[in-house]
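> Residue numbers (this note's numbering): 57 to 869.
Idealized CB from N, CA, C, for every residue including glycine.
Quick caveat, the model's predicted, so the values are computed rather than measured.
Here it is, the structure in full.
Structure (structure tokens):
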């Protein structure tokens, strides 16, 4: 019944610890909790959300989590739903902290949203979960029967890893009234027990005593441990063993191999025989140390049976007892100091990392949070973290062993798109040990670069008469940004002409930047097109740049020469020019005027006489088109000369046009008419009827023509007097642009020489007479023109007093 009551009290105490967990603010600002050991998994430790002032509903948004360390047991976990700190592994205070009076576990919470670290201390309170325990299962003492009452004999001491009242508080010795128990407290507060002899012993009456030694702790419920003490009564033993040193201190490196001899204890006994034979044994040693160290009971040599580790325990302390064959003994303390070596590499853990960051992120942006640990101590456990100097990052120590990796200067994805940052943790030991971790970071692109053209202006050339849809020009802009920010669209935005007109001429592929001609261009319409091309990326906001483009239209020889004078007749007749009989060589008979709508060498015209009635009588200026006499006229020369002039440009291939000019050798119109009418056929072949009929027909037609000519000439002269064609002494060629005449030698002089037109019509025959302005020609002098009366003026109007100018007649047959 009492045992059940103690168990109930024990459970009630644990519940009280759970309910009475307190929150304390340490001097460092860390959150402090106190909990008992041996709590079950999932047990409540503290309300993290409340203590950090966070909204429990938004706890997941904060990204709050516990920072983990490599190779360390995680005793706590954070419930993301409730915001509670809970137990994840059962905590044994004695296993974690050993004999330390205060057992504190530290952990860190990382808020990923705020990129902040919170320190938490959890103090582990001791409970009475361990009973006192004697390492030896039995204990034997040999006591001489000559021992006097009051003699003291050492007894084994129990071990209890609990602290305070939960540790050993008292001992009890039962089994015989000859012996009693004496308890003493040492300098460190530990209890030492010795057995006192109360009554004299008599081996002959009783040679063996069986006693029970009980160790009791002060916990609730009360726990105890026992060991059997066997006492053998011996004959007299005069001298007890004595150790050479009361304390043996040894310092060894933690990496000393197994089997190494750590120390040798030695005691002496002045007795002889069995009373002088000594045996050594370990006393006041923990269970772990009893497995770590071996004692040779005969030689007193202490050897290493396990592996020493300074990080687990920096020293080991126990006692060695030497007992002779008569039951007398002595004790000495052995203290083994462990020297720390730099045998543990730093442990580097990445608690938080972001795999990508925008290139326009501000300086100081957190990339990663790292934690470094070193199980060594002293200088061997002092660790420094570093990163390469050639990266735009900085490593800052935040608290304890935590480091924050942040940006040190602006990033530029176009220069470096990704980083592999090596973080190295190095301790101060000798030789130094180090560990490293790689933080991989991708730099995300922002639209910080506009598209750029290779040149500031572009020039392209295109032959006129191009087919529709032909590729004119190709533009290419480069954008060092990435993906959508580097996707470029092209467009034509403005030019020298209106946007609607420009869009009907040119088009651009928005993806490739190829410019196409939507229509066929005519050099004679325009010679160049100036426009701008805009390249815009797909970023947000988009960036763009413009470039000026000039498209020059190149001329082709697509226009043949156009003959302005003499104008080609529409009825198939031939124009007639007059040449006086007295003309000297070089006399200007007329001038063939032609223009070409092309430009450059395609408009360079040359004139050539390809057919003539009297070869060698006339010449044509190669570049002027002037028809001049080459020699004096002869009587044998035909009165009517037919000249075919070819006008050809300089294009490739060349284009040409021809005109037929009829020159009549006569000094005046009446004379030319009479000459023409009196022309008889010189053919003397009487057998040819055809020739005869032709001569008769020509004579008849000439007479008939001469009759009607006089009548019609009178009517034309009357109409001509009222016309205004020569008022400005120039000729207006309708339908021919003025610009086409620029640069053509002799055109303007010709236009001032020939300006009036008179048509005489008789039946199906038509005549056209051109009257030049007085003093315009360079073939006759003004004096000659004034001395000779004009018969046409006399016939047309006998009352006129105006002097008639020199004239020329063009007759159409």
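#1: Tell me residue 190's beta-bridge partners as DSSP assigns them.
#2: Residue 493 lies in the beta strand (DSSP E); which residues open and close that run?
#3: Need the endpoints of the beta strand (DSSP E) that residue 319 sits in, please.
#4: Secondary structure at residue 442, three-state DSSP: helix, strand or coil?
#5: Beta strand (DSSP E) containing residue 609: first to last residue?
#6: Put residue 753 into one of helix, strand or coil per three-state DSSP.
#7: Measure the alpha-carbon distance for residue 697 versus residue 643 and round it to whole angstroms.
#8: Quick one: complete beta strand (DSSP E) runs, 3+ long, within the stretch 401-488?
#9: Quick one, which of 564, 165, 241 has its alpha-carbon nearest residue 227's?
#10: Below 8 Å on the Cβ atoms is my contact criterion, and I expect residue 478 with residue 423 to pass it. Report the Cβ-Cβ distance as a whole number of Å.
#11: I'd like to know whether the C-beta atoms of residue 547 and residue 592 end up nearer to each other than 9 Å.
#12: Here's a check: name, in chain order, each residue in its chain whose Cβ is nearer than 8 Å to the Cβ of residue 168, leaving out the five neighbours to either side.
#13: Just how far apart, CA to CA, sit residue 588 and residue 619?
#14: Going residue by residue through the stretch 218-271, where are the continuous beta strand (DSSP E) segments of at least 3 residues, counting only ones entirely within it?
#15: Could you tell me how far apart the beta carbons of residue 250 and residue 211 are, in whole angstroms, since I believe they sit closer than 8 Å?
#16: Pick helix, strand or coil for residue 286, following the three-state DSSP scheme.
#17: For the stretch 268-285 against the stretch 358-365, do three or more pairs of beta-carbon atoms, one drawn from each stretch, fall closer than 8 Å, so that the two count as touching?
#18: Counting Cβ pairs closer than 8 Å, one from the stretch 218-225 and one from the stretch 393-410, do we hit at least three?
#19: Output needed for residue 186: all residues of its chain with C-beta closer than 7 Å, excluding positions within five of it in sequence on either side, in chain order.
#20: Can you tell which of 255, 152, 193, 160 has the C-alpha that lies nearest to the C-alpha of residue 201?
#21: Should residue 646 go down as buried or exposed, given a rule of 16 or more other Cβ atoms within 10 Å for buried?
#22: Secondary structure at residue 353, three-state DSSP: helix, strand or coil?
#23: Excluding five sequence neighbours on each side, which residues of the same chain lie with their C-beta closer than 6 Å to the C-beta of residue 99?
#24: Would you check if the distance between the CB atom of residue 87 and the CB atom of residue 115 is smaller than 9 Å?
#25: Would you list, in sequence order, the uninterrupted beta strand (DSSP E) runs of no fewer than 3 residues that lie entirely inside the stretch 634-694?
#26: Pick helix, strand or coil for residue 118, following the three-state DSSP scheme.
#27: Does DSSP put residue 125 in a helix, a strand or coil?
#28: Should the stretch 528-540 be regarded as contacting the stretch 566-574, the criterion being three or more beta carbon pairs within less than 8 Å?
#29: Counting pairs of Cβ atoms below 8 Å between the stretch 468-476 and the stretch 425-434, do you hit three or more?
#30: Given residue 302, which residues of its chain have a CB within under 8 Å of its CB, disregarding the five upstream and five downstream residues?
#31: Give me, in chain order, the residues of the same chain whose beta-carbon lies closer than 8 Å to that of residue 297; leave out the 5 immediate sequence neighbours on both sides.
#32: Do you know offhand how far residue 492's Cα is from residue 480's?
#33: Roughly how many angstroms lie between the CA atoms of residue 162 and residue 443, to the nearest whole one?
#34: Does DSSP classify residue 776 as helix, strand or coil?
#35: Can you tell me whether DSSP reads residue 387 as helix, strand or coil?
#36: Can a CB atom of chain D be found closer than 9 Å to the CB of residue 199?
According to the data block:
#1: Residue 190 is not bridged to any residue.
#2: 490-500
#3: 317-320
#4: strand
#5: 600-610
#6: helix
#7: 15 Å
#8: 403-409, 412-414, 422-429, 439-442, 449-455, 458-463, 474-483
#9: 241
#10: About 13 Å; that fails the 8 Å criterion.
#11: yes
#12: 118, 119, 120, 121, 408
#13: 41 Å
#14: 224-230, 235-241, 247-253
#15: 6 Å
#16: strand
#17: no
#18: no
#19: 150, 216, 217, 218
#20: 255
#21: buried
#22: coil
#23: 143
#24: no
#25: 644-647, 649-651, 662-668, 674-676, 682-685
#26: helix
#27: coil
#28: yes
#29: no
#30: 388, 389
#31: 323, 324, 325, 334, 378, 379, 380, 384, 385, 386
#32: 4 Å
#33: 27 Å
#34: helix
#35: strand
#36: Within the model displayed, chain D is absent; a lone protein chain is all it includes.
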